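J.: Protein chains in written order, with the working numbering: chain L, 1 to 441; chain S, 442 to 882. To start, I am sharing the structure in question, which I have written as structure tokens.
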């Protein structure tokens, strides 16, 4: 008879083995380190909030995905993003915050979506946002991509491009051709340009009611290309000629100003590009919008997206709080990078050295050697089971620990250790503890 | 008409302002850093698990506190500790783990308790455990307090004492006097010794059925005191004379051996003490048990507790997995330390310097100065709103940023900055960027 419960986790939930977790944490730490280097402040909000508060804004698809339940008299929900908790936090703590309020939040969010490859029901988001009181200067729209640029340089997974656009350009352009209410449809069709060609796109545009003049304008708009400055020049020319729309002109002017600031922030031109097809959440963003792609892995889609919004806290307060921010979906990105072989956890190890006492008699020297290593800042594990040498080395090997400090009676009597390099052919050196410290550091 | 939702969080949930969060994170990081320095591996398990899996062991009080709910066809629960997820993780991933498996896990757990001061419904636990396959040598019982000792030295909140005991000593002793089934009652009574004196304790012991000879034995047992070695000597003497019990003798021998190893791990005698009244969870722990108190703040109770258990994974697998571990309830500890004024967040700041451009014309030099600082590893914020100097300084002051690097046109033309020490009377120096880097570092 077996009354055992099968140990398992739910479908759509991520869980890693320790080596993968070490690698995940190292990327998490790099992101956090850059966020902090730019002066973003940490916050950490409750995972569980009142549904009334958390779902003030939600509706439709989002609401169906919420983990929502009752406990006692309370209608509770798990947060599904870090933006709503930010809005609640800012509205609630406003008198005690300093504006512009620059915060980072790197934590788990929960969405009960239908499980599918690369989608998780519980995953880390790594968000930064800058919230202004009443207003927030445009130069902050350039600080966000500066942070992103440093993040992806630090993570070091190849070349990347921050694609930038301004919602006002899209809004103004589509308004000027009388298609304000069909922006989503048109963008979806434009997205197929490479696949179905200009003729295909024209047909589909006609099918949603665009006349031939409008179609020509759309095709001419999306064919704008060249360097960043070329594109800005073409947009300016359009604003002064065929596209008579105030919002369009404002978007072009904002985009141009932001590009100037981005260069001020030392973002290399090769790391960003204007992309007029980026819209992001249409209801939410009102100005600058970003997406980020890995140049060699464009199939992964945008790995970091965001933009500017007019009013963060409208559901909670009358005060106007414009902001700008971006989010990295880290669990998804990490699992994609692993699957694509762009990163590997094979050599992940936090411990630099495994101290291996040959037997119990040398234990005191082994333990004091480990203490010395740790006092020097060297992460040190000690193998304390009484097993054969083969078993002891297997432990170091399977954990990927790069060095083993073997201590037998001879070593102890001479105050030496045998330092074995586990990676480079097992080369073994007899050294003083201090000499070993120097190598391990 | 106001259709606004009042921004608020649930009672019993913790949320900190950024300065407090910075301080919280710094303590979290210190704990993590020590755990890693001892070779513990990180894991991160789903917050949501199947109730069948998570509650395999739970029952009674614990089960009432669980946040449990249905989503689709699944009966789900939020984890209420990190031990059950560890057991599930080890049982599930056993072939891919290396034993002894040393893991740390620092994350939130959820308990829908009645809210009371210092108790949270969502809080961080910082756990380490060492799990053996079939067996785990006693020397690991000394590694755990070695880690704890380094953690509390690193957190630096005053002197502390790791109280240590062995459940077998308690079990054996109470069995020898025929009170095995009343250990909890007796310990509860003994706990009042200081308050009600020997007479009071004797009366209460008599009330639960102890005869005078038994009471005398109990009083003599709890009066054992002195240095660690004194206590061990008295326990050994008892084991060879009046307490004829094999389990008692084994407990004394284990405790003695563990104390020896603890000294091997360089734990100073002043940082630990044998305390025969510590029992911890009676069903769960089977050998060594620990509690940790801050010497100057004993009222806070144990800030770090744990012990050895015979079988971690019994609900999931037939394989025997003994282990030893401890847990720090960080949210509670942090909030207690803050409330007691032992720590303060007043001077918390991640950013070392705020770059303050006087106006838009100096923006390029200001941004490039900030880039230089960051490239040198200096966390740097830039104030980018067009406000008066007073407002700009107020931003630095309220955030507690120690330095302001003020840049005006004169500074820009000479390639200099004015570095203002925000803490020491606002002293202001005109320096080259490199000189400023040297000071800020």
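Every residue gets a Cβ at the ideal spot worked out from N, C-alpha and C, and that includes glycine. All of these numbers come straight from a predicted model, not from anything done at the bench.
Report all residues from its chain with a CB closer than 6 Å to the CB of residue 122(L); omit the five preceding and five following residues, and keep chain order.
T.: By 1-based counting over the first chain, the position of residue 122(L) is 122. If we look at residue 122(L) and ignore the five residues flanking it on each side, its Cβ neighbours are 13, 108, 110.
J.: My guess is that residue 369(L) and residue 433(L) are in contact by the Cβ rule of under 8 Å, so how many angstroms apart are they, rounded?
T.: Here residue 369(L) corresponds to residue number 369 of the first chain, with the count starting at 1. Here residue 433(L) corresponds to residue number 433 of the first chain, with the count starting at 1. That pair is a contact at about 6 Å.
J.: Excluding sequence positions up to five away, which residues of its chain have a Cβ less than 8 Å from the Cβ of residue 442(S)?
T.: To locate residue 442(S), count along the second chain from 1; it is residue 1. Unreliable positioning characterises residue 442(S) in this predicted model, as indicated by a pLDDT of 43, which lies under 50. A coordinate reading is not provided.
J.: For residue 815(S), name the three-state secondary structure that DSSP assigns.
T.: On the second chain, position 374 is the one that residue 815(S) refers to. Helix.
J.: Less than 9 Å between CB atoms is the rule here; does residue 584(S) satisfy it with respect to chain L?
T.: Position 143 of the second chain, counted from the start, is the residue given in the question as residue 584(S). Taking Cβ atoms only, chain L reaches closer than 9 Å to residue 584(S), which makes this a yes.
J.: Is the CB of residue 17(L) under 9 Å away from at least one CB in chain S?
T.: Taking the first chain and counting its residues from 1, one reaches residue 17(L) at position 17. Taking Cβ atoms only, chain S reaches closer than 9 Å to residue 17(L), which makes this a yes.
J.: Could you check where the alpha helix (DSSP H) with residue 458(S) kicks off and where it finishes?
T.: Counted from its first residue, the second chain places residue 458(S) at position 17. Residue 458(S) -> no alpha helix (DSSP H), and no H or E assigned at all.
J.: Is residue 80(L) near the ligand NAD - that is, is its Cβ less than 8 Å away from at least one heavy atom of it?
T.: The ligand NAD is not part of this structure, which contains no ligands at all.
J.: Check the Cβ of residue 385(L) against every Cβ in chain S and list those closer than 7 Å, keeping chain order.
T.: Counted from its first residue, the first chain places residue 385(L) at position 385. The answer, in chain order, is 541, 578.
J.: Considering only their Cβ atoms, is the gap separating residue 41(L) from residue 462(S) smaller than 9 Å?
T.: Against the second chain, residue 462(S) aligns to sequence position 21. Against the first chain, residue 41(L) aligns to sequence position 41. For residue 462(S) and residue 41(L), yes; Cβs fall inside 9 Å.
J.: With a 10 Å radius around its C-beta and 16 neighbouring C-beta atoms as the bar for buried, classify residue 88(L) as buried or exposed.
T.: In the first chain, counting from the first residue as 1, residue 88(L) sits at position 88. So residue 88(L) counts as buried.
J.: Excluding the five sequence neighbours on either side, which residues of its own chain have a C-beta within less than 7 Å of the C-beta of residue 236(L), listed in chain order?
T.: Within the first chain, numbered from 1, the residue matching residue 236(L) stands at position 236. So the qualifying residues of the chain are 252.
J.: What does DSSP give as the partner residue(s) for residue 357(L) in the beta ladder?
T.: Taking the first chain and counting its residues from 1, the one referred to as residue 357(L) is at position 357. Residue 357(L) pairs with 407(L).
J.: Could you work out which residue in 258(L), 97(L), 186(L) is closest to residue 164(L) when comparing CA atoms only?
T.: Here residue 164(L) corresponds to residue number 164 of the first chain, with the count starting at 1. Among 258(L), 97(L), 186(L), the Cα nearest to that of residue 164(L) belongs to 258(L).
J.: Hey, which unbroken runs of the beta strand (DSSP E) at 3 residues or more fall wholly within the segment 587-614 of chain S?
T.: 601-607, all fully within the segment 587-614 of chain S.
J.: Against residue 463(S), what residues of chain L qualify as contacts under a CB-to-CB distance less than 8 Å, listed in chain order?
T.: What you label residue 463(S) is simply residue 22 of the second chain in a count that begins at 1. Within chain L, the residues near residue 463(S) are 41, 42.
J.: Exposed or buried, which one is residue 388(L) when buried takes at least 16 other CB atoms within 10 Å?
T.: Here residue 388(L) refers to the residue found at position 388 of the first chain. So residue 388(L) ends up on the exposed side.
J.: Taking DSSP's pairing of strands, which residues face residue 881(S) in a bridge?
T.: One-based indexing of the second chain puts residue 881(S) at position 440. The partner list for residue 881(S) (beta bridge, DSSP) is empty, contrary to what the question assumes.
J.: Can you find the residues in the same chain that come closer than 8 Å, C-beta to C-beta, to residue 485(S), ignoring five residues on each side of it along the sequence?
T.: Reading the second chain from its first residue, position 44 is the one you call residue 485(S). Result list for residue 485(S): 546, 548, in chain order.
J.: Identify the contact partners of residue 706(S) in chain L, using a Cβ-Cβ distance below 8 Å as the criterion.
T.: As a first step, residue 706(S) must be located in the second chain, where it is residue number 265. Residues of chain L passing the Cβ test: 367, 371.
J.: What residues are listed by DSSP as bridge partners for residue 429(L)?
T.: Counted from its first residue, the first chain places residue 429(L) at position 429. Answer is 419(L).
J.: In this structure, does DSSP put residue 188(L) in helix, strand or coil?
T.: Within the first chain, the letter at position 188 stands for residue 188(L). It is helical.
J.: Where does the unbroken alpha helix (DSSP H) through residue 492(S) begin, and where does it stop?
T.: For the purposes of this step, residue 492(S) is taken as the residue at position 51 of the second chain. Here the alpha helix (DSSP H) through residue 492(S) covers 492-495.
J.: For residue 751(S) versus residue 727(S), is the C-beta spacing smaller than 9 Å?
T.: Residue numbering aside, residue 751(S) sits at position 310 when the second chain is read from its first letter. Residue numbering aside, residue 727(S) sits at position 286 when the second chain is read from its first letter. In this structure, residue 727(S) lies closer than 9 Å to residue 751(S) by Cβ.
J.: Would you list, in chain order, the members of the segment 705-736 of chain S that have their beta-carbon closer than 7 Å to a beta-carbon of chain L?
T.: Listed by position, the residues of the segment 705-736 of chain S near chain L (Cβ gap below 7 Å) are 705, 706, 707.
J.: Once the 5 residues before and after residue 383(L) are set aside, which same chain residues still bring their CB inside 8 Å of it?
T.: Working through the first chain from its first residue, we reach residue 383(L) at position 383. The residues are 354, 355, 356, 357, 392, 395, 396.
J.: Where does residue 511(S) fall in DSSP's three states?
T.: Numbered from 1 along the second chain, position 70 holds the residue referred to as residue 511(S). Of the three classes helix, strand and coil, the one that applies to residue 511(S) here is strand, per DSSP.
J.: In chain order, what residues of the same chain lie with their CB nearer than 7 Å to the CB of residue 206(L), ignoring the 5 residues before and after it?
T.: In the first chain, counting from the first residue as 1, residue 206(L) sits at position 206. Once the five neighbours on either side are set aside, the close Cβ partners of residue 206(L) are 215.
J.: Kindly indicate if chain S contains any beta-carbon less than 9 Å away from that of residue 92(L).
T.: To locate residue 92(L), count along the first chain from 1; it is residue 92. By this cut-off, residue 92(L) is an interface position.
J.: Just how far apart, CA to CA, sit residue 119(L) and residue 332(L)?
T.: In the first chain, counting from the first residue as 1, residue 119(L) sits at position 119. In the first chain, counting from the first residue as 1, residue 332(L) sits at position 332. Approximately 7 Å, taken between the alpha carbons.
J.: With respect to the alpha helix (DSSP H) encompassing residue 47(L), which residues constitute its N-terminal and C-terminal limits?
T.: In the first chain, counting from the first residue as 1, residue 47(L) sits at position 47. Neither: residue 47(L) is in no alpha helix (DSSP H) and is coded neither H nor E.
J.: Would you kindly report the start and end of the unbroken alpha helix (DSSP H) that includes residue 675(S)?
T.: Taking the first residue of the second chain as position 1, residue 675(S) is located at position 234. Start and end: 669-681.
J.: Residues in the segment 388-404 of chain L with C-beta within 7 Å of chain S's C-beta atoms, listed in sequence order?
T.: Correct list: 395, 398, 399.
J.: Given a limit of 7 Å on CB to CB distance, which residues of the segment 507-520 of chain S reach chain C?
T.: The structure shown has no chain C; the protein chains it does contain are L and S.
J.: Specify the secondary structure class of residue 381(L) as computed by DSSP and reduced to three states.
T.: Numbered from 1 along the first chain, position 381 holds the residue referred to as residue 381(L). In this structure, residue 381(L) counts as strand in the three-state DSSP scheme.
J.: Would a C-beta distance cut-off of 9 Å place residue 689(S) and residue 743(S) closer than the cut-off?
T.: Your numbering for residue 689(S) matches position 248 in the second chain. Your numbering for residue 743(S) matches position 302 in the second chain. In this structure, residue 743(S) does not lie closer than 9 Å to residue 689(S) by Cβ.
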